[in-house]
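Just add 62 to the spot in the sequence shown (first one is 1) and you have the numbering used here. All residues carry an ideal CB built from backbone N, CA and C; glycine is no exception.
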Amino acid sequence: LIHSNKTLLTTRTKVQKEIVNKHNELRKSVSPPASNMLKMEWSKEAAANAQKWANKCTLEHSLPEARKTSTKCGENLFMSSYPASWSDAIQNWYEEHHDFVYGVGPKSSDAVVGHYTQVVWYSSYHVGCGIAYCPNQQSLKYYYVCQYCPAGNLLSKIHTPYLKGKSCASCPHHCDNGLCTNRCEKIDDYSNCNVLKKDYTCDHNFVKKNCKASCECEGKIY
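1) According to DSSP, is Ser97 part of a helix, a strand, or is it coil?
2) Could you say which of Cys230, Tyr195, Lys260 lies nearest to Ser142 if we only look at CA atoms?
3) Is DSSP giving Asp250 helix, strand or coil here?
4) Apart from the five residues just before and just after Phe162, which ones in its own chain have a Cβ nearer than 8 Å to its Cβ?
5) Would you please state the rounded distance, in angstroms, between the beta carbons of Lys134 and Ala213? I believe it to be under 8 Å.
6) Cα separation between Trp148 and Val77?
7) By Cβ distance below 7 Å, which residues in the same chain neighbour Ala112 in space, the five residues on each side in sequence not counted?
8) Please name the residue in Tyr144, Ser91, Met99 whose C-alpha comes closest to that of His159.
9) Going by DSSP in three states, Tyr164 sits in which element: helix, strand or coil?
10) By alpha-carbon positions, which one of Asn154, Ser171, Cys119, Thr69 ends up nearest to Lys84?
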């Protein structure tokens, strides 16, 4: 990054805190309120992947293979002609909420809402970001990349990025300032794992192997 903007580098603890705090502040103030919103934490691994991708200066999304930690991760991009603060970049993604109706989806067919839904995706508890200066770009020379794990924007829940209800209603004993802390480190490989678990139970090898969250995270948020 060019000399004057070292203040935006995500290797700095202060910047990591700003990014995490901004996300959590937005996540706990969604409307309608969320009952199962997990508290986000910084992920070094996701940040390393995000930085690697930012450095390429392609200004388009990375391939899913390039954004894996122990799980698949989602990704938000922001480009700017000047060194905007991380809080501004994240707010910019969140502003898409004006074009989104909870439970219905985007207000019009050309509305972009995916950055917003990823910022407030209930089960994404890790965030890691990177920034690059891209002199090869004509005007948008600052390139911000955040990756979110586990990935949000799953098609099966795309219009409901979280469960609406009284904040922390889904995690009454694991609540920190309106956000849930009882995260599950496993993921389900299928969106119908709850049905598979009911029909076949977790003693069934296929279910045990592909529905790890449903089988191992009783009472946690996933």
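So, to answer that:
1) Locating residue 97 in the sequence shown gives position 35, where the first residue counts as 1. Here Ser97 sits in coil by DSSP.
2) Position 80 of the sequence shown, counted from the first residue, corresponds to residue 142. Residue Tyr195 is the option with its Cα nearest to Ser142.
3) Residue mapping note: residue 250 aligns to position 188 of the sequence shown, counting from 1. The answer is strand: DSSP assigns Asp250 an E or B state.
4) On the sequence shown, position 100 is the one that residue 162 refers to. Closer than 8 Å at Cβ, skipping near neighbours: Pro168, Lys169, Ala173, Val175, Tyr178, Thr179.
5) Stepping through the sequence shown from its first residue, residue 134 is reached at position 72. Stepping through the sequence shown from its first residue, residue 213 is reached at position 151. Lys134 to Ala213, Cβ: 5 Å. Contact.
6) Here residue 148 refers to the residue found at position 86 when the sequence shown is read from its first residue. Here residue 77 refers to the residue found at position 15 when the sequence shown is read from its first residue. When rounded, the distance between both Cα atoms is 8 Å.
7) As a position in the sequence shown, residue 112 is number 50, starting the count at 1. Same-chain partners within the cutoff: Gly190, Cys191, Gly192, Val207, Cys208, Gln209.
8) Here residue 159 corresponds to residue number 97 of the sequence shown, with the count starting at 1. Among Tyr144, Ser91, Met99, the Cα nearest to that of His159 belongs to Ser91.
9) In the sequence shown, residue 164 corresponds to position 102, counting from 1. Tyr164: coil per DSSP, three-state reduction.
10) Here the question's residue 84 lines up with position 22 in the sequence shown. If we check each option's Cα against that of Lys84, Asn154 comes out closest.
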